[in-house]
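Number of protein chains: 2
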Amino acid sequence: MIDVCLLGTGGTVPLPNRYLTSLYVRWNGHAVLVDCGEGTQIAMNRMCLSGKQIDTILLTHFHADHTAGLPGLLLTMAKQERTEPITIIGPKGLKEIMQGVLIIARYVPFDICLREITGNTSVFSLFDMEVTAFSLRHSVPTYGYRMELKRSRRFDPEKAKKNGVPLRLWGLLQKGQQAERDGIVYTPDMVLAEERKGISLVYATDTRPVPYIAQYAKDADLLITEGMYGDPEKIEKAKLNRHMLMGEAASIAASANAKELWLTHYSPSMHDPLLYEEDVRAVFRNTVISKDGQMKTLKFEEK
Amino acid sequence: MIDVCLLGTGGTVPLPNRYLTSLYVRWNGHAVLVDCGEGTQIAMNRMCLSGKQIDTILLTHFHADHTAGLPGLLLTMAKQERTEPITIIGPKGLKEIMQGVLIIARYVPFDICLREITGNTSVFSLFDMEVTAFSLRHSVPTYGYRMELKRSRRFDPEKAKKNGVPLRLWGLLQKGQQAERDGIVYTPDMVLAEERKGISLVYATDTRPVPYIAQYAKDADLLITEGMYGDPEKIEKAKLNRHMLMGEAASIAASANAKELWLTHYSPSMHDPLLYEEDVRAVFRNTVISKDGQMKTLKFEEK
Chain A
1 MIDVCLLGTG
11 GTVPLPNRYL
21 TSLYVRWNGH
31 AVLVDCGEGT
41 QIAMNRMCLS
51 GKQIDTILLT
61 HFHADHTAGL
71 PGLLLTMAKQ
81 ERTEPITIIG
91 PKGLKEIMQG
101 VLIIARYVPF
111 DICLREITGN
121 TSVFSLFDME
131 VTAFSLRHSV
141 PTYGYRMELK
151 RSRRFDPEKA
161 KKNGVPLRLW
171 GLLQKGQQAE
181 RDGIVYTPDM
191 VLAEERKGIS
201 LVYATDTRPV
211 PYIAQYAKDA
221 DLLITEGMYG
231 DPEKIEKAKL
241 NRHMLMGEAA
251 SIAASANAKE
261 LWLTHYSPSM
271 HDPLLYEEDV
281 RAVFRNTVIS
291 KDGQMKTLKF
301 EEK
Chain B
304 MIDVCLLGTG
314 GTVPLPNRYL
324 TSLYVRWNGH
334 AVLVDCGEGT
344 QIAMNRMCLS
354 GKQIDTILLT
364 HFHADHTAGL
374 PGLLLTMAKQ
384 ERTEPITIIG
394 PKGLKEIMQG
404 VLIIARYVPF
414 DICLREITGN
424 TSVFSLFDME
434 VTAFSLRHSV
444 PTYGYRMELK
454 RSRRFDPEKA
464 KKNGVPLRLW
474 GLLQKGQQAE
484 RDGIVYTPDM
494 VLAEERKGIS
504 LVYATDTRPV
514 PYIAQYAKDA
524 DLLITEGMYG
534 DPEKIEKAKL
544 NRHMLMGEAA
554 SIAASANAKE
564 LWLTHYSPSM
574 HDPLLYEEDV
584 RAVFRNTVIS
594 KDGQMKTLKF
604 EEK
């Protein structure tokens with residue numbers, strides 16, 4: 001299972017009751033932070049989430065509302081006597097940004113590994129989590145992230161027997177290895193039940209609503225995107241600044257057949273995002289107008 | 304008069320209910336911000352204080368809990384369509400720190416003037432405010448600031464008459480100029496009443512309690528210093544990290560004959576600074592264990 005906490009829901013400027021958009025993702029003893037604007041460590045503290053478990057920080061892009069919390073967070077980790085390295089992943093230009101971060105932070109005693117993503121797509125693993133970075137359409141190079149926890153196939157003794165697999169090979173095949181005995185090749189497929197759906201979580205902000213977001217968010221358990229503006233009349237402003245309307249985000253969720261959509265990254269000019277709830281739910285029913293600290297545990301389906 | 308707002312009272316790490324120490328000082332249409340840690344712009348917003356009036360930012364030193372809010376604050380000023388330049392003043396090394404700030408902030412469309420202070424003392428004017436920077440004893444170069452609003456001398460017509468000043472010279476002398484008529488030199492002293500006390504405000508953190516803080520804080524209307532630790536048993540830690548105990552700060556206020564002392568910059572490990580109120584008031588009675596958003600208007604004395 002994956003615990004998800006949307007630390008803040010603000011875009012551009014942090015507000016007293018609306019911290020900047022950042023996502024804390026925790027599973028099997030690991031944690032990833034996606035984006036880190038000013039005040040992210042305060043929002044984490046408010047939700048009683050520790051930076052200690054964070055192995056990796058994924059950055060979508062380098063606008064300061066997604067990065068300016070890094071010096072403070074790294075220093076707080078240092079004060080917690082962290083010695084483990086941390087990996088920071090983001091678009092090309094990450095190394096330059098981190099130079100700025102480390103001029104401000106100065107004394108960070110643990111190693112920071114930087115990984116710059118290039119190209120339209122990049123797939124990599126964070127422990128047992130598979131991450132796909134996919135480029136978005138914003139005013140600067142920006143990536144969305146699909147995070148997926150695969151589910152192992154169940155061992156099926158009936159199937160093993162039916163396929164005549166010798167008992168002493170069951171363990172080997174269950175681990176995914178194949179074996180040959182007496183000229184017969186036995187494969188894992190002969191003892192494993194059907195594929196099972198994993199858990200997938202997609203985070204896509206800041207961006208215009210390009211169609212391939214829906215492809216990467218296909219059947220996602222949770223899609224989190226910006227809902228910068230609720231009012232459809234803000235469409236020209238959204239196009240100009242390369243942001244999305246809430247309704248556009250809801251259309252993506254519908255095309256993607258996502259289970260649930262969380263909107264976030266609200267414009268500071270939008271005082272009450274809930275005003276648009278009914279309208280966006282008409283486009284995609286399982287839309288949540290997120291609030292700071294929105295949490296959920298994503299679980300494997302029963303079966 | 305001077306409006307003072309202590310935006311936060313935290314040291315080292317910003318907490319949900321304790322923002323980092325930063326001081327907003329406003330007078331005669333100007334404003335100065337002293338220090339700008341992560342979250343300072345949120346604390347300003349919470350107190351309904353605008354960045355628009357800020358002409359100058361004074362930095363005490365370059366630990367990130369005093370500087371990491373700069374990228375966000377400058378960008379928020381940019382979003383408010385600021386075109387006026389801003390001056391940032393701090394110890395030597397300011398230019399390097401600002402390189403880091405501007406790597407994160409990136410697009411700041413207004414001019415930023417930097418002024419590095421060197422030496423033990425530096426006196427300069429911010430409009431009609433006289434500022435004295437004086438070096439403190441911390442683990443990195445650090446300055447305290449005395450801010451003083453001088454008060455003009457009252458015009459005294461009885462004194463002018465008594466000194467035989469011709470009526471047509473009164474205006475000139477009142478403005479501080481001297482004049483000569485018929486071989487007689489007339490000076491402002493001949494028409495002005497006695498000197499009047501101005502308003503003075505002193506901000507000194509982070510530092511060990513060196514004696515000259517009391518000299519610069521002499522007769523201050525308000526002295527604001529760190530009260531990093533309340534418990535006297537933390538003295539070795541305070542010495543090691545070059546910070547002050549609350550009791551040490553209170554002794555400075557007493558030596559300085561300050562009118563009032565505000566303590567701030569509390570260690571995150573100190574959950575309830577009010578526990579030490581009685582003890583520090585035994586050393587200096589007018590000590591305030593400040594809370595975030597503590598405000599006061601300092602006025603010229605009646606007379």
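Residue numbers (my numbering), protein chains in the order written: chain A, 1 to 303; chain B, 304 to 606.
Beta carbons: idealized from backbone N, C-alpha and C, even for Gly.
What first and last residue would you give for the alpha helix (DSSP H) that runs through B/Gly550?
Here the alpha helix (DSSP H) through B/Gly550 covers 549-559.
Using 8 angstroms as the threshold, is the stretch 196-214 of chain A in touch with the stretch 248-260 of chain A, meaning 3 or more CB pairs across them?
Taking 8 angstroms as the limit for Cβ pairs, the verdict is that the stretch 248-260 of chain A does touch the stretch 196-214 of chain A.
Could you work out which residue in B/Arg385, B/Glu563, B/Ile538, B/Gly533 is closest to B/Glu581 when comparing CA atoms only?
Out of B/Arg385, B/Glu563, B/Ile538, B/Gly533, B/Gly533 has the C-alpha closest to the C-alpha of B/Glu581.
Under a three-way DSSP split, which group does A/Pro273 fall into?
Note: A/Pro273 maps to helix in three-state DSSP.
Is it buried or exposed, B/Tyr410, if we count other Cβ atoms within 10 angstroms and call 16 or more buried?
Result: exposed.
Is A/Ala31 close to the ligand FAD? I mean its beta-carbon at under 6 angstroms from any heavy atom of the ligand.
No copy of the ligand FAD appears in this structure; indeed no ligand is present at all.
Name, in chain order, the residues that DSSP records as bridge partners for A/Tyr336.
A question about residue 336 of chain A goes unanswered here, because the residues of chain A that appear run from 1 up to 303.
What residue range does the alpha helix (DSSP H) around B/Met350 cover?
First-last for B/Met350: undefined, no H or E at that position.
Mind reading off the beta-carbon distance from B/Leu326 to B/Leu309? Whole number of angstroms is fine, and I expect it under 8 angstroms.
Going by Cβ atoms, the distance from B/Leu326 to B/Leu309 rounds to 6 angstroms, so yes, they are a contact pair.
Whose C-beta lies closer than 7 angstroms to the C-beta of B/Leu472 among residues of the same chain, with five residues either side of it excluded?
For B/Leu472, where only same-chain residues beyond five positions count, the Cβ hits under 7 angstroms are Ala482, Arg484, Tyr489.
Would DSSP call B/Pro317 helix, strand or coil?
B/Pro317: coil per DSSP, three-state reduction.
Can you list the residues of chain B that A/Ala105 reaches, using a CB-CB cut of under 9 angstroms?
Ala367, Ala371, Gly403, listed in chain order.
Measure the alpha-carbon distance for B/Arg263 versus B/Ile391 and round it to whole angstroms.
Residue 263 of chain B cannot be examined here, being either before or after the span of chain B that is shown, 304 to 606.
According to the neighbour-count rule (16 or more other Cβ atoms, all chains shown, within 10 Å of its Cβ), is A/Cys113 buried or exposed?
The residue is exposed, with fewer than 16 neighbouring Cβ atoms inside 10 Å.
In or out: B/Leu574 buried (at least 16 other Cβ within 10 Å) or exposed?
Rather than Leu, the amino acid found at residue 574 of chain B in this sequence is His. Looking at its Cβ environment, which holds fewer than 16 other Cβ atoms inside 10 Å, B/His574 is exposed.
Below 7 angstroms between beta carbons: does that hold for B/Ala541 and B/Gly447?
No. Outside cutoff.
Touch check for the stretch 64-83 of chain A and the stretch 218-236 of chain A: three-plus C-beta pairs under 8 angstroms?
The answer is no - the stretch 218-236 of chain A does not touch the stretch 64-83 of chain A, with fewer than three Cβ pairs under 8 angstroms.
Excluding the 5 residues flanking A/Arg137 on each side, which residues of the same chain have their C-beta closer than 7 angstroms to its C-beta?
Counting only Cβ-Cβ distances below 7 angstroms, and skipping sequence neighbours, we find Thr207, Arg208, Val210, Arg242.
Need the endpoints of the alpha helix (DSSP H) that B/Thr379 sits in, please.
Run containing B/Thr379: 373-382, per the alpha helix (DSSP H) assignment.
At the level of alpha carbons, what is the spacing between A/Gly247 and A/Asn17?
When rounded, the distance between both Cα atoms is 24 angstroms.
To the nearest angstrom, how far is the alpha carbon of A/Leu75 from that of A/Arg151?
Straight-line Cα distance between these residues: approximately 36 angstroms.
Identify whether A/Val210 lies in helix, strand or coil by the three-state DSSP scheme.
If DSSP states are grouped into helix, strand and coil, A/Val210 belongs with coil.
Quick check on A/Glu158: does DSSP put it in helix, strand or coil?
Looking at A/Glu158 - three-state DSSP - the assignment turns out to be helix.
Counting only Cβ pairs nearer than 7 angstroms, list the residues of chain B close to A/Lys52.
Result: empty, since nearest Cβ-Cβ is about 14 angstroms, beyond 7 angstroms.
What first and last residue would you give for the alpha helix (DSSP H) that runs through A/Ala179?
It is not in any alpha helix (DSSP H) - A/Ala179 instead sits in the beta strand (DSSP E) that spans 179-181.
A/Pro188 by DSSP, collapsed to three states: which one?
In the structure shown, A/Pro188 sits in a helix (DSSP, three-state: H, G or I).
Between B/Thr445 and B/Phe437, is the Cβ-Cβ spacing less than 7 angstroms?
No; because the gap between Cβ atoms is not below 7 angstroms, this pair is not in contact.
How far does the beta strand (DSSP E) with A/Ala31 in it extend, from its first residue to its last?
Run containing A/Ala31: 30-34, per the beta strand (DSSP E) assignment.
Suppose the cutoff is 6 angstroms on Cβ atoms and the five residues either side in sequence are ignored; what does the same chain contact list for B/Met380 look like?
Around B/Met380: Gly354.
Starting from A/Arg151, find everything on chain B with Cβ-Cβ shorter than 8 angstroms and list it in chain order.
Those do not exist, as A/Arg151 stays about 37 angstroms from chain B at its closest Cβ, beyond 8 angstroms.
Using Cβ-Cβ distances below 9 angstroms, what residues of the stretch 327-342 of chain B are close to chain E?
Of the chains in the structure shown, none is chain E; the protein chains are A and B.
Looking at the strands, I want to know which residues DSSP matches up with A/Pro91.
Partner(s): A/Ile117.
Excluding the five sequence neighbours on either side, which residues of its own chain have a C-beta within less than 6 angstroms of the C-beta of A/Leu380, listed in chain order?
Nothing can be reported for residue 380 of chain A, as the shown portion of chain A is limited to 1 through 303.
According to DSSP, what are the bridge partners of B/Gln477?
DSSP output for B/Gln477 lists no bridge partner at all.
Between the alpha carbons of A/Ala68 and A/Ala43, how many angstroms are there, rounded?
One C-alpha to the other measures close to 14 angstroms.
Tell me which residues of the stretch 214-248 of chain A have at least one Cβ-Cβ distance to chain B shorter than 9 angstroms, keeping chain order.
Cβ contacts with chain B come from no residue of the stretch 214-248 of chain A.
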